[in-house]
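Each remark here refers to the structure printed beneath this line.
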Amino acid sequence: MTINLDMVSDVVCPWCWLGLRRVEAAIEIFGSDKVTLNMRPFQLDANVAPEGVDYKEYMRNKFGDTSSDNKWTQMREHLEAAGQAENIPFRFDGIPKRANTFNAHRIIRWAQGQSVDGKSLGPKAAEAFFHAYFKRHKDLNDTQTLLSLSEQIGLIPEVIEKLLGEDADVKSLQEEEAFFRNLGVSGVPTFIANGKYAIQGAQEVSALVIFLEQVEAGPNIPEEPA
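Just so you know, we're using full-length UniProt numbering here: the sequence shown kicks off at 1 and counts up by one.
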């Protein structure tokens, strides 16, 4: 039995980058031939303007002041430590903008439908966007950035530029995101196996392996709300 594993995530979510690295490691341990990993869209804040907003101001509005005991400061330090363990180079201080991620999700979705050697390009696309945002501090809604990342992923930039200029996929992506919200997904990353079993958060690799083993074992594992 092949497990269809949906990873619901957003590319400006640092926990999601951790989650992607960990779930890929878990899949390798469990058996990469037994799992299909699907990247699914979720905008943590769909109200961010297309041009983005100042990152520090955005985080200040969300978490409060910038003192040393600020919630965001503590979370950032924890994330940086967790990132080191996964070889993830978080560099929060230099991020200029909190980006609107709708077009990034469009590209990841297109990549999900493409494959190389039988392996979907979706996870590779998500990894590229995480790296561009958290290490290289790129604006993920800038057209040239989107095209450059598309080429890096293995897509054809000219085709992507044409697709971005159209809206043929916009409604379906909005509906896909709404589907997961209606399932009860309110935070990311969320992993949903075979459309039935869910586990939330950037779980440790060992926990994700156990989750996959339980899904494989059959219907006796408890279903958890997303």
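Yeah, the Cβ is synthetic: ideal placement off N, Cα and C, and Gly gets one too. The model shown is predicted, which means the values in this text are computed figures rather than measured ones.
Simplified DSSP state of residue i, which is helix, strand or coil
{"i": "Ile160", "result": "helix"}
{"i": "Lys138", "result": "coil"}
{"i": "Thr2", "result": "coil"}
{"i": "Thr143", "result": "helix"}
{"i": "Phe191", "result": "strand"}
{"i": "Arg109", "result": "helix"}
{"i": "Ser186", "result": "coil"}
{"i": "Arg91", "result": "coil"}
{"i": "Val8", "result": "strand"}
{"i": "Val116", "result": "strand"}
Bounding residues of the alpha helix (DSSP H) (the contiguous stretch that carries residue i)
{"i": "Arg60", "result": "55-63"}
{"i": "Phe30", "result": "14-30"}
{"i": "Ala85", "result": "71-85"}
{"i": "Ala207", "result": "205-217"}
Nonlocal neighbours in the same chain, by C-beta distance under 7 angstroms from residue i, ignoring five residues either side
{"i": "Ala26", "result": "Val205, Leu208, Val209, Leu212"}
Run of the beta strand (DSSP E) containing residue i, from where it starts to where it stops
{"i": "Ile199", "result": "197-200"}
{"i": "Thr36", "result": "35-41"}
Distance CB(residue i)-CB(residue j) smaller than 7 angstroms
{"i": "Tyr55", "j": "Ile95", "result": "yes"}
{"i": "Lys124", "j": "Ile153", "result": "yes"}
{"i": "Arg136", "j": "Glu86", "result": "no"}
{"i": "Leu79", "j": "Phe63", "result": "no"}
{"i": "residue 248", "j": "Pro41", "result": "Because the chain here runs from 1 to 226, residue 248 falls outside it and cannot be looked at."}
{"i": "Phe130", "j": "Val11", "result": "yes"}
{"i": "Gly52", "j": "Ala99", "result": "yes"}
{"i": "Tyr197", "j": "Val215", "result": "yes"}
{"i": "Ala82", "j": "Leu18", "result": "yes"}
{"i": "Gln112", "j": "Met39", "result": "yes"}
{"i": "Ile29", "j": "Ala193", "result": "no"}
{"i": "Gln174", "j": "Thr190", "result": "no"}
{"i": "Trp15", "j": "Ala202", "result": "yes"}
{"i": "Thr101", "j": "Gln43", "result": "yes"}
8 angstroms Cβ shell around residue i - same chain, five flanking residues per side excluded
{"i": "Leu146", "result": "Asn103, Ala104, Ile107, Leu140, Ile160, Leu164"}
{"i": "Leu37", "result": "Leu5, Met7, Val23, Glu24, Ile27, Ser120, Gly122, Pro123"}
Cutoff 6 angstroms; reference residue i; Cβ partners in own chain excluding five residues on either side
{"i": "Ala128", "result": "Leu149, Gln152, Ile153"}
{"i": "Arg76", "result": "Phe92"}
{"i": "Lys71", "result": "Phe63"}
{"i": "Val188", "result": "Val8, Ser9, Asp10, Cys13, Cys16, Phe42"}
{"i": "Lys97", "result": "Gly52, Tyr55, Asp139"}
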